[in-house]
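>
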Amino acid sequence: MSKVVYEGWMVRHGRKKIGRSFIHMRFFVLETRLLAYYKRKPQDNVVPIKTLLIDGNCRVEDRGLKTHLGHRVYVLSIYNKKDKHYRITMAAFNVTEAHTWKEKIESVIDQHQGSQAGSGGKFVSFEYTETENGRKSSSSDHESQFSAPEDEDNSNHGRLLRRTTIGNGPPDSILDWTVEVDSDLNQNSNNQAFSRKQWRLLQCQNGLRIFEELLEVDFLPKSYSRAMKAVGVVEASCEEIFELVMSMDTTRFEWDCSFQYGNLVEDVDGHTAILHHKLLLDWFPMFVWPRDLCYVRYWRRNDDGSYVVLIRSREHENCPKEPGFVRAHIESGGFNISPLKPRNGRPRTQVQHLMQIDLKGWGVGYIPSFQQHCLLQMLNSVAGLREWFSQTDKRTAPPRIPVMVNMASTSVSLNKNQNLSQSSVHIRNSSLDQTQISNKNGPMNDEYSDDEDDLQVFEEQEEFADSFQCEEQKTEVEPSDQIDFSCFSGNLQRNDNENARNCWRISNGNNFRVRSINFFYDKSKVSAGKHVLDIVAVDWFKDTKRMDHVARRSGCAAQIASEKGYFTIVINFQVPGSTHYSMVFYFVTKKLVPGSLLQRFVDGDDDFRNSRLKLIPSVPKGSWIVRQSVGSTPCLLGKAIDSNYIRGPTYLEIDVDIGSSTVANGVLGLVTGVITTLVVDMAFLVQANTNEELPERLIGAVRMSHIELSSAIVPKLEPEPSSTHSNT
74 MSKVVYEGWM VRHGRKKIGR SFIHMRFFVL ETRLLAYYKR KPQDNVVPIK TLLIDGNCRV
134 EDRGLKTHLG HRVYVLSIYN KKDKHYRITM AAFNVTEAHT WKEKIESVID QHQGSQAGSG
194 GKFVSFEYTE TENGRKSSSS DHESQFSAPE DEDNSNHGRL LRRTTIGNGP PDSILDWTVE
254 VDSDLNQNSN NQAFSRKQWR LLQCQNGLRI FEELLEVDFL PKSYSRAMKA VGVVEASCEE
314 IFELVMSMDT TRFEWDCSFQ YGNLVEDVDG HTAILHHKLL LDWFPMFVWP RDLCYVRYWR
374 RNDDGSYVVL IRSREHENCP KEPGFVRAHI ESGGFNISPL KPRNGRPRTQ VQHLMQIDLK
434 GWGVGYIPSF QQHCLLQMLN SVAGLREWFS QTDKRTAPPR IPVMVNMAST SVSLNKNQNL
494 SQSSVHIRNS SLDQTQISNK NGPMNDEYSD DEDDLQVFEE QEEFADSFQC EEQKTEVEPS
554 DQIDFSCFSG NLQRNDNENA RNCWRISNGN NFRVRSINFF YDKSKVSAGK HVLDIVAVDW
614 FKDTKRMDHV ARRSGCAAQI ASEKGYFTIV INFQVPGSTH YSMVFYFVTK KLVPGSLLQR
674 FVDGDDDFRN SRLKLIPSVP KGSWIVRQSV GSTPCLLGKA IDSNYIRGPT YLEIDVDIGS
734 STVANGVLGL VTGVITTLVV DMAFLVQANT NEELPERLIG AVRMSHIELS SAIVPKLEPE
794 PSSTHSNT
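For the sequence shown, position 378 matches number 451 in the numbering used here, and the numbering has no gaps at all.
1) Is it buried or exposed, Trp435, if we count other Cβ atoms within 10 angstroms and call 16 or more buried?
2) How is Leu646 classed by DSSP in three states: helix, strand or coil?
3) Classify Ile714: buried if its beta carbon has 16 or more other beta carbons within 10 angstroms, exposed otherwise.
4) Between Val609 and Val623, which are expected to be in contact by the criterion C-beta below 8 Å, what is the C-beta distance as a whole number of angstroms?
5) Would you mind stating whether Pro244 and Thr324 have Cβ atoms separated by less than 8 Å?
6) If you run the structure through DSSP and keep just helix, strand and coil, what is Pro788?
7) So Ala573 and Val587 are supposed to be a Cβ contact under 8 Å. How far apart are they, rounded?
8) Can you have a look at Lys687 and say buried or exposed, based on whether 16 or more other CB atoms are within 10 angstroms of its CB?
9) Using a Cβ distance threshold of 8 Å, determine whether the region 317 to 335 contacts the region 391 to 402, with at least three qualifying pairs required.
10) Can you round the beta-carbon distance between His653 and Thr706 to whole angstroms, since I take them to be within the 8 Å contact cut?
11) Cβ atoms of Met620 and Leu725: under 8 Å apart, would you say?
12) At which residues does the beta strand (DSSP E) containing Arg459 begin and terminate?
13) Considering just the uninterrupted stretch of the beta strand (DSSP E) at Leu427, what are its terminal residues?
14) For Val78 and Lys175, what's the separation of their Cα atoms in angstroms?
15) Quick one: complete beta strand (DSSP E) runs, 3+ long, within the region 326 to 373?
16) Find out if the Cβ-Cβ distance for the pair Lys788, Arg626 is shorter than 8 Å.
17) In three-state terms, what does DSSP make of Asn764?
18) Would you say the region 404 to 424 touches the region 377 to 388, given that touching needs at least three Cβ pairs under 8 Å?
19) Put Gln529 into one of helix, strand or coil per three-state DSSP.
20) Between the beta-carbon of Asp607 and the beta-carbon of Gly563, is there less than 8 Å?
21) Can you tell me which of Arg282, Ala171, Ser320 and Ile314 puts its alpha carbon nearest to the alpha carbon of Leu449?
22) Pull up the distance between the alpha-carbon of Pro396 and that of Pro363, whole angstroms please.
23) Measure from the alpha carbon of Lys394 to the alpha carbon of each residue in Cys367, Asp678, Thr662 and Asn417, then state which is nearest.
24) What are the start and end residues of the beta strand (DSSP E) that includes Arg776?
25) Can you name the start and end residues of the alpha helix (DSSP H) that Leu317 belongs to?
26) Would Phe640 and Leu670 qualify as a contact pair, given that the criterion is a beta-carbon distance under 8 Å?
27) Taking Cβ to Cβ, would you say Ala309 is nearer than 8 Å to Phe166?
28) Residue range of the alpha helix (DSSP H) that Gln278 falls in?
29) Going by DSSP in three states, His446 sits in which element: helix, strand or coil?
30) Taking only runs that begin and end inside the region 694 to 743, name each unbroken alpha helix (DSSP H) of 4 or more residues, in chain order.
31) Just checking: is the beta-carbon of Ala634 within a distance shorter than 8 Å of some beta-carbon in chain D?
32) If we call anything under 8 Å between Cβ atoms a contact, is Gly407 one with Ile430?
33) In chain order, which continuous runs of the beta strand (DSSP E) of length 3 or greater are located wholly inside the region 120 to 160?
34) CB-CB under 7 Å to Glu781, same chain, minus the five flanking residues each way: which ones, in chain order?
35) What does the alpha-carbon distance come out to for the pair Asn800 and Val675?
36) When the Cβ atoms of the region 749 to 768 are set against those of the region 680 to 694, are three or more pairs found closer than 8 Å?
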């Protein structure tokens, strides 16, 4: 029996024969001669789903980051060069675990290559080598871009080489400033010629050394930007810093003071992407227009464990210039994240952040200090990284790879997106009885099919399918499965303008973190993604007494949905006081999926509902004391506040009495006084307590903006039927 080298849970990633992508949790086992994966942790003589024989001809292909419904995974593909169509593709939610597997597999390959070399061949281990364009290349570059095709028997070289790949390498337009070479080494290169950069220490600021590029010219145009870089030491691993640097979500606000907004324009491949980035600069914002960027970003991991992130401006058809913004131009920039020797048992990393940018606009020409001030503000993000990690003592679970939204998918009209999110509910929550699988170990291409997974088209894990592709496919396949939102209305108006007041709008599910599919293994959470139900209306009521069972009101959204055969979850937040207020949310779906967690919640008893209904609050805009008081910690409503459940034929109303909790009442008193200055996000979901119920899904999420107490109206409620009770 072969010795087990490494084992653990990883993600199976690929694409089905019908064109849909999939992600499933599988248990991988690496032995001295074999790589295999199982549906569960193997016991006794369990037959693996698929195996791959490991020998000196195997390769580990680094596919980089792949996006599936907003979730980003780091993908590795292992194959034998003599049969590239037979491969195993595996992925991880964090870079650390992915590279651990990569190193373990490569070490087994090296052992087999060493034994083959002892039998007559030469074995050459990879080190950094100078390539034709002068830059130092890691071993992962050789097979993809900088080497000739490999012969089957290696007869041309007389030696055995283990080769991995990281895709196509950096785009031609990007200059790799992290490798400084002399001009005479690069004079024959067809790439962009550049000479060794000479740096002068400009100042020390916030614990960083700020350098300015020395140029051998006597005069510079006013609009020309010298390259500047900040160098600092961060007490964290390279992987942790890399994942923060790659983030374009809300975590970036905690360490990058120049970040206002960012999203994905195009995912070129696992290592290259086009991004849109809005800058938040503090130089006289009343007079100077804000800046935005559209740039290509390339990243790679070197063999020494360092990470390189390179960026340069590029125009893209899906990212036109926005009114009110000046499009700045990045000539060169990015991060170089290199490991240092640990000190006092803590990892240390050197972070270099370089930027050569032209901010454009009148300020650059008339105010010389404008560009340097803004550039220093951007470079100070290195200090933000250092402080972020210095205040985080416990980092038990490696962070997930960041989430980004594709601009191409968000360019569709809002109503279309709402309809797509509704039509996707039935596909993701449907289930089929699992069919017994035969001949699971037959040859196949992992990238496009997996016999085991082809018969599980509607598994719950299909939530992680590629968002843009799935949305496009559902538009074609299920055009009739849509909800007409125009027939619903509430007295509180909907307005999708960010600066609008006294209104509501749908909140982005990616703003909330929920339990992931492997939560009970590593306690990890992921961005929630799309909602299961659609919020169609919000009512804002007031009366001299508490308002219960508001779904009985004639003409309300729940009644209209019932006429159309839809099902509604009504959440009624009851605010006590001399005048009683009720904020009522209506979440609608075409039907409940039998056997789903949501269906069991709707038809369950009150004890089950109280133990599962969860609220995730957030205050994106408001005073500091309110944000601290409300927080963003998930709360089981039924255990914290008295809740009354009214089950109607086509709806479930949940009346949440905030006055029943002393703590909630205190926070409410604080919020009510400043409610017109607040923007509040609320997400509702049913908590998952078993593996089968994971990952968690949002019932819905809503954002309330600057609500006016005077805008509430007195509802006209129908008489309460005597037969109605809380659990009918």
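Glycine included, C-beta positions come from ideal geometry on N, C-alpha and C.
Reading off the structure:
1) Answer is exposed; the Cβ neighbour count stays below 16.
2) The sequence as given places Phe at residue 646; Leu does not occur at that position. In the structure shown, the three-state DSSP call for Phe646 is strand.
3) With 16 or more Cβ atoms within 10 Å of its Cβ, Ile714 is classed as buried.
4) Contact check for Val609 and Val623: beta-carbon distance about 15 Å, past the 8 Å limit, so the pair fails to qualify.
5) No. Outside cutoff.
6) Under the three-state reduction of DSSP, Pro788 is assigned to coil, being neither helix nor strand.
7) Between Ala573 and Val587 a beta carbon distance of about 27 Å is seen, past the 8 Å cut, so the two are scored as non-contacting.
8) With at least 16 other beta carbons inside 10 angstroms of its own, Lys687 counts as buried.
9) Because the criterion of three Cβ pairs below 8 Å is not met, the region 317 to 335 and the region 391 to 402 do not touch.
10) Contact flag wrong, Cβ pair sits at about 27 Å.
11) For the pair Leu725 and Met620, the CB atoms are not nearer than the 8 Å cut-off.
12) Under the DSSP assignment, Arg459 falls outside any beta strand (DSSP E), being part of the alpha helix (DSSP H) whose first and last residues are Ser454 to Ser463.
13) Start and end: Arg419 to Asp431.
14) So the two alpha carbons sit approximately 12 Å from each other.
15) The beta strand (DSSP E) runs of length 3 or more contained entirely in the region 326 to 373 are, from start to end of the chain, 332 to 340 and 345 to 352.
16) The sequence shown places Pro at residue 788, not Lys. Cβ atoms of Pro788 and Arg626: closer than 8 Å.
17) Looking at Asn764 - three-state DSSP - the assignment turns out to be helix.
18) A contact exists between the region 404 to 424 and the region 377 to 388.
19) Interpretation of Gln529 is limited by its pLDDT of 35, a score under 50 that renders its predicted location unreliable; no figure is taken from the coordinates.
20) At least 8 Å separates the beta-carbon of Asp607 from that of Gly563.
21) Of the listed residues, the one whose Cα sits closest to Leu449 is Arg282.
22) Using only the alpha carbons, I get a separation of about 10 Å.
23) Of the listed residues, the one whose Cα sits closest to Lys394 is Cys367.
24) In the DSSP assignment, Arg776 falls within the beta strand (DSSP E) that extends over Leu771 to Ser778.
25) Per DSSP, Leu317 is one residue of the alpha helix (DSSP H) stretching across Cys311 to Val318.
26) Cβ distance not < 8 Å, so Phe640 and Leu670 don't count as in contact.
27) Cβ atoms of Ala309 and Phe166: not closer than 8 Å.
28) DSSP places Gln278 outside any alpha helix (DSSP H); the residue lies instead in the beta strand (DSSP E), whose first and last residues are Gln271 to Gln278.
29) Residue state, collapsed to three classes: helix.
30) Within the region 694 to 743, the runs of alpha helix (DSSP H) at least 4 residues long that lie entirely inside it are, in chain order, 697 to 703 and 710 to 713.
31) The chain inventory of the structure shown lacks chain D, comprising one protein chain alone.
32) Taking a C-beta distance under 8 Å as the contact criterion, Gly407 and Ile430 do not qualify as a contact pair.
33) 123 to 126, 131 to 141 and 144 to 153, all fully within the region 120 to 160.
34) Excluding positions up to five away in sequence, the list reads Asn575 and Thr749.
35) The predicted model places Asn800 with a pLDDT of 47, which falls under 50 and marks its position as unreliable, so this point remains unresolved.
36) With a cut-off of 8 Å, the region 680 to 694 and the region 749 to 768 count as touching, because enough Cβ pairs lie within range.
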